[in-house]
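In the working numbering, the protein residues as written are 2 to 435.
Please read the structure below before turning to the comments.
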Amino acid sequence: MKDFDSLRQKATDILSAFPWTKYIFGWNIFGRITEFLSNTLNEKIGHLALITNLHLRDKATYDRLFHFLKKIAPTISGPLTAPRPNTPVEDVIQLAATLKSLNPEAVVVVSGGSGIDGAKAAVVLATLGGEVEDYFGQGVVSQVLSHQERSLPPLYAFQTAAGSAAHLTKYANITNWSIRQKKLIIDEAIIPRGAWFDYSLTMTAPLSLTLDGAIDGLSHCLEVYVGGSKNPYFSQIEEISLLGIELILFALPQVIKNPRDEKARYLLGLATDLGGYAIMLGGTNAGHLSSFALVDILSHGRACGLLNPYFLVAFGAAIPRQLTKLAELLRRHQLIAVLPRKSHSSLAYEVAQGLQNFYRQVGFPCNLKEIPGYSASHLERLLAMVTNPQLQSKLQNMPRPLTSEEAQNLFSEVLQAAEKGDLSALRPLTPAEF
2 MKDFDSLRQK ATDILSAFPW TKYIFGWNIF GRITEFLSNT LNEKIGHLAL ITNLHLRDKA
62 TYDRLFHFLK KIAPTISGPL TAPRPNTPVE DVIQLAATLK SLNPEAVVVV SGGSGIDGAK
122 AAVVLATLGG EVEDYFGQGV VSQVLSHQER SLPPLYAFQT AAGSAAHLTK YANITNWSIR
182 QKKLIIDEAI IPRGAWFDYS LTMTAPLSLT LDGAIDGLSH CLEVYVGGSK NPYFSQIEEI
242 SLLGIELILF ALPQVIKNPR DEKARYLLGL ATDLGGYAIM LGGTNAGHLS SFALVDILSH
302 GRACGLLNPY FLVAFGAAIP RQLTKLAELL RRHQLIAVLP RKSHSSLAYE VAQGLQNFYR
362 QVGFPCNLKE IPGYSASHLE RLLAMVTNPQ LQSKLQNMPR PLTSEEAQNL FSEVLQAAEK
422 GDLSALRPLT PAEF
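As structure tokens, then:
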């Protein structure tokens, strides 16, 4: 087994150089809040809007946070209610209306991924107007900002859960429950001006949330890695993704055994942040796209993670290097046996099985038979989604970019195999198809 102190230091060094925003992270770092905000604000502000539900579940921590924020801004509006899990569109609309009426000079959101995603979208709506639907897709917010000659007020994201890495990224996932569908805003304009994550805040997270978040982070690393062969940053993606996956393989079982394990909680925080770094260098693909159609029966992390082993089998011929590296990693953690030289399709099957072995080890589902409420309507919804231009980036991020028709065929096969729980039911795509 590797020296995890050295891996922790490697992850810390990588995240300390995160290039897109000012990032402060660590353990028990509340004392650095004033420094963090003072260094990221270009000028003193008089009015700050605070979005959080922290006061409802941890009043003592909220009071500490508020104490430090008052040193930065004499007037704080809030706490404003953070959006609920999966960021319902109506929550975003309500929050945007409140922000527009308050007109703060800056916004601080203290939440998990759903709350941070909602704050990103609400700041856009409050500033630019229109409907949430207007901004789905890639680069739309920046286009409208340029057209209107406006800028967004600075948003500062204080993360409270290890998983989405929403505090670091250009993404905002929003759910329309009326049609049971999630969509995505992708734009560098919504990257928080500054990000802060005290990993000690995750100590009180229930195991279900911890598990979902960890597998979401693993999915970020895995999907970017397998889809990144032609990415100009592939060597960096490989280093970050494999490190993030390895930290999760080690730390998540430790947290399952002992939720108060500080070392393991710290490593999960680092690992899921590395997942955030990965999705800034590349993009997620099949697992995440599929999850958008399963939002009514599965949490985000579970939906992504459950299906990724099946997609590994399908794409095996396109990712020989990634499969070899993943097999080495899984073997190190005793999740697969020592492998003889195998064909790409056989190796993909072994790696997928190894990933599912890890899922079983931590109590994570491996097939759709285990999921109450799954029906043919979910496949129908997904097949309709892959034709939506707002989601085409996911098809372009595949190990080989897919047309909508190709994606419909692939997703039909994958979900049918996942419903049976049978990896061998999949027909791997042949080299000729790549």
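Idealized CB from N, CA, C, for every residue including glycine.
Beta-carbon spacing of residue i, residue j below 9 Å
| i | j | result |
| --- | --- | --- |
| I337 | G355 | yes |
| H48 | P80 | no |
| M399 | L392 | no |
| L380 | S413 | yes |
| A166 | Y278 | yes |
| I241 | L295 | no |
| F159 | V93 | no |
| I25 | A287 | no |
| L1 | L383 | Since the first residue of the chain shown is 2 and the last is 435, residue 1 is not available in this structure. |
| C305 | S220 | yes |
| L269 | G302 | no |
| K184 | E134 | yes |
| A353 | L430 | no |
| V124 | Y136 | no |
| G214 | G113 | yes |
| T88 | A173 | yes |
| I73 | S39 | yes |
| L330 | L348 | no |
| P155 | A107 | yes |
| T22 | I192 | yes |
| F415 | F312 | Inspection of the sequence shows that residue 415 is occupied by Val rather than by Phe. Yes. Within cutoff. |
| A319 | L427 | no |
| R266 | A163 | yes |
| Q357 | P310 | yes |
Per-residue DSSP class, three states only, for residue i
| i | result |
| --- | --- |
| G113 | coil |
| A163 | coil |
| P20 | coil |
| G283 | coil |
| V296 | coil |
| A107 | strand |
| G138 | strand |
| M399 | coil |
| H334 | coil |
| L253 | helix |
| E263 | helix |
| R9 | helix |
| P429 | coil |
| T273 | helix |
| S102 | helix |
| G119 | helix |
| E132 | coil |
| F235 | helix |
| A127 | helix |
| S344 | coil |
| I320 | coil |
CB contact below 9 Å: residue i versus chain B
| i | result |
| --- | --- |
| F316 | Structure shown: chain B not included; a single protein chain is present. |
Sequence-distant residues of the same chain with beta carbon closer than 7 Å to residue i, five excluded per side
| i | result |
| --- | --- |
| K11 | L244 |
| T99 | L81 |
| S394 | Q139, I187 and G284 |
| I372 | I298, L299 and P366 |
| L327 | V352 |
Close Cβ partners of residue i (< 6 Å) along its chain, the five nearest in sequence each way excluded
| i | result |
| --- | --- |
| P86 | S115 |
| D297 | R181 |
| I52 | L81, A83, V110 and A120 |
| N368 | A419 and G422 |
| M2 | With a pLDDT of 47 at M2, under the threshold of 50, the predicted position of this residue should be treated as unreliable, and no value is reported. |
| L202 | T161 |
| S143 | D188 and A190 |
Buried or exposed (CB count within 10 angstroms, at least 16 for buried), residue i
| i | result |
| --- | --- |
| A61 | exposed |
| E36 | exposed |
| K231 | exposed |
| K421 | exposed |
| G131 | exposed |
| D6 | exposed |
| E189 | exposed |
| Y200 | buried |
| P148 | Sequence inspection shows His at residue 148; the Pro mentioned does not correspond to that position. Exposed, because fewer than 16 other Cβ atoms sit within 10 Å of the Cβ of H148. |
| L208 | exposed |
| T1 | Because the chain here runs from 2 to 435, residue 1 falls outside it and cannot be looked at. |
| T404 | exposed |
| D4 | exposed |
| Q397 | exposed |
| G229 | buried |
Other residues of its chain near residue i: CB distance less than 8 Å, five sequence neighbours each side excluded
| i | result |
| --- | --- |
| R151 | T128 and L129 |
| S1 | Only positions 2 to 435 of the chain appear in this structure, which leaves residue 1 out of reach. |
Open item on the list: Threshold first: 4 residues or longer. Then list the alpha helix (DSSP H) segments lying entirely within the region 23-88, N to C.
Closed with: 34-41, 55-58 and 60-71
- [ ] Kindly provide the ranges of any beta strand (DSSP E) runs that are 3 or more residues long and lie completely inside the region 146-230, ordered along the chain.
- [x] 156-160, 172-177, 182-187 and 195-199
Task: Start-end ranges of the alpha helix (DSSP H) lying completely within the region 368-426, minimum 4 residues - done: 377-386, 393-397 and 405-421
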